[in-house]
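So the structure is just underneath, and the comments pick up after that.
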Amino acid sequence: MILTQFLSHSSGVKVDLTLPLTAEERIRVRRKITTESGQEIILNLPRGTVLRDRDLLATDDGQTVVQIAAKPELLLSVTATDSLTLLRAAYHLGNRHVSLEIGDNYLRLNPDPILKSMLEQLGLTAIEELAPFQPEPGAYVHHH
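Be aware that the sequence shown starts at 7, since it is given in the numbering used here, and climbs by one per residue.
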């Protein structure tokens, strides 16, 4: 199966298969994937594309629709008692070019003991947890 098309998130689309991918896997959009059931899928999407949770892809003929799912992975979830402290943490992490998911009251990043220590020294709480990772794609990356 070769996936080449993006579909709109219309509620009338029948999904044939859900494909769970980590954040790292969702940026590699020109490759072969073997599912847990042994099915081979080829992603053939434009370079620079970043797949997001619930994106819909289809084969050239539109007969098969696959939904992307953000696969849970081990992450460092960071919270603060105030928004300024959280903003300072985002600044310091961005200055280190860390892939970062930014939520209303949290940050998520790949686990790193040095960064965890830095964040705790800044007064933040950093815990490891299993969750889907949706990092910011960056200013120069396009999403279909």
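Idealized CB from N, CA, C, for every residue including glycine.
query: What's the gap between the Cα of residue 93 and the Cα of residue 82?
result: Within the sequence shown, the letter at position 87 stands for residue 93. Within the sequence shown, the letter at position 76 stands for residue 82. Cα to Cα, the separation comes out at about 16 Å.
query: Tell me the DSSP bridge mates of residue 83?
result: Locating residue 83 in the sequence shown gives position 77, counting from the first residue. Per DSSP, 114, 133.
- prompt: Got a sec? Which residues, its chain only, sit under 7 Å from residue 40 by beta carbon, not counting five neighbours each side?
  reply: The count along the sequence shown starts at 1 and reaches residue 40 at position 34. The answer, listed in chain order, is 46.
Residues near residue 23 by beta carbon distance below 6 Å, same chain, minus five either side: Against the sequence shown, residue 23 aligns to sequence position 17. Correct list, in chain order: 72.
- request: Might you give, ordered along the chain, the residues of its own chain that have their beta carbon closer than 8 Å to the beta carbon of residue 95, omitting 5 neighbours on each side?
  value: Position 89 of the sequence shown holds residue 95. 84, 86, 113, 125, 128, 130, listed in sequence order.
query: What are the boundary residues of the beta strand (DSSP E) that residue 36 is part of?
result: The count along the sequence shown starts at 1 and reaches residue 36 at position 30. Per DSSP, residue 36 belongs to the beta strand (DSSP E) from 36-40.
- request: Use the C-beta contact count for residue 61: other C-beta atoms within 10 angstroms, 16 or more gives buried, fewer gives exposed.
  value: On the sequence shown, position 55 is the one that residue 61 refers to. Per the 10 Å Cβ criterion, buried.
query: So what's residue 28 in DSSP terms, helix, strand or just coil?
result: Taking the sequence shown and counting its residues from 1, one reaches residue 28 at position 22. Residue 28 falls in the coil class under three-state DSSP.
- request: Spatial neighbours of residue 25 within its chain, please: CB distance less than 6 Å, with the 5 preceding and 5 following residues excluded, ordered by chain position.
  value: For the purposes of this step, residue 25 is identified with residue 19 of the sequence shown, where counting begins at 1. Cβ within range, chain order: 72, 74.
- prompt: Cα separation between residue 98 and residue 135?
  reply: Counting from one through the sequence shown, the residue named residue 98 turns up at place 92. Counting from one through the sequence shown, the residue named residue 135 turns up at place 129. The straight-line gap from Cα to Cα measures roughly 21 Å.
field: Per-residue DSSP class, three states only, for residue 127
entry: As a position in the sequence shown, residue 127 is number 121, starting the count at 1. In the structure shown, residue 127 sits in a helix (DSSP, three-state: H, G or I).
Assigned secondary structure, residue 23 (DSSP; H/G/I helix, E/B strand, else coil): Residue 23 sits at position 17 when you count from the first residue of the sequence shown. Three-state DSSP puts residue 23 in a strand.
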